[in-house]
Amino acid sequence: MITEKTAQRAAYRITFAQCKGGTGKTTACLSVAGWLTKMEKKVLVVDLDSQGNAVSGLGIERSSIDGSMYDVLSGRKTIREIILETDSGVFLAPSSIDLLSVETQLSGTVEDIGILNPSSTVP
Ligand SMILES: Nc1ncnc2c1ncn2[C@@H]1O[C@H](COP(=O)(O)OP(=O)(O)OP(=O)(O)O)[C@@H](O)[C@H]1O
Ligand SMILES: [Mg+2]
Numbered sequence: 027m028i029t030e031k032t033a034q035r036a037a038y039r040i041t042f043a044q045c046k047g048g049t050g051k052t053t054a055c056l057s058v059a060g061w062l063t064k065m066e067k068k069v070l071v072v073d074l075d076s077q078g079n080a081v082s083g084l085g086i087e088r089s090s091i092d093g094s095m096y097d098v099l100s101g102r103k104t105i106r107e108i109i110l111e112t113d114s115g116v117f118l119a120p121s122s123i124d125l126l127s128v129e130t131q132l133s134g135t136v137e138d139i140g141i142l143n144p145s146s147t148v149p
């Protein structure tokens, strides 16, 4: 039986990060997310890039977004409130251009933020 505790243990986080631009981070992330979803895993893409390319990559109209990781990181919304289900079955916590300003605000406080803990994201 899957309890909330075992679901938390089974949750993995994969980070796609690289300082250099145009190195395939978004492409690799969406590709892995798509394959894991096909393998019947529940996948949440958390886009922390202010360019927000995961939105178009997953076929979402930007105008349909009501809340982004900017709202989550600045304490306005919970991550559950902004999660969208896409046609491919991949779930997305979208970013927005506002994330540019959060970077400086969060500098030095990141260790206090628990929004990506499985208990915050597993429905
Ligand atoms: N494995 C690959 N082989 C060939 N081209 C690729 C591959 N992965 C990504 N690309 C191409 O490289 C370009 C950059 O890819 P992508 O947007 O995923 O990079 P990124 O690191 O997310 O960029 P950014 O730093 O701007 O967010 C795109 O045109 C993409 O189609
Ligand atoms: Mg990218």
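Those letters in the sequence shown? Residues 27 to 149, by my numbering. Backbone N, C-alpha and C fix where the C-beta goes; we use that ideal spot for every residue, glycine too.
Burial state of residue i, where buried means 16 or more other Cβ atoms lie within 10 Å
{"i": "residue 65", "result": "exposed"}
{"i": "residue 113", "result": "exposed"}
{"i": "residue 158", "result": "No answer is possible for residue 158: the residues shown for the chain start at 27 and end at 149."}
{"i": "residue 40", "result": "exposed"}
{"i": "residue 125", "result": "buried"}
{"i": "residue 53", "result": "exposed"}
Among the options, nearest to residue i - alpha-carbon criterion
{"i": "residue 55", "options": "77, 45, 71", "result": "71"}
{"i": "residue 103", "options": "112, 92, 113", "result": "92"}
{"i": "residue 108", "options": "118, 37, 79", "result": "118"}
{"i": "residue 89", "options": "110, 39, 50", "result": "110"}
{"i": "residue 99", "options": "59, 73, 83", "result": "73"}
{"i": "residue 84", "options": "47, 45, 60", "result": "60"}
Residues bridged to residue i (per DSSP)
{"i": "residue 119", "result": "72"}
Residue i: CB within 8 angstroms of a non-hydrogen atom of ligand 2
{"i": "residue 92", "result": "no"}
Just the residues with CB closer than 7 angstroms to a heavy atom of ligand 1, in chain order, which are they? 44, 47, 48, 49, 50, 51, 52, 53, 54, 75, 77, 79
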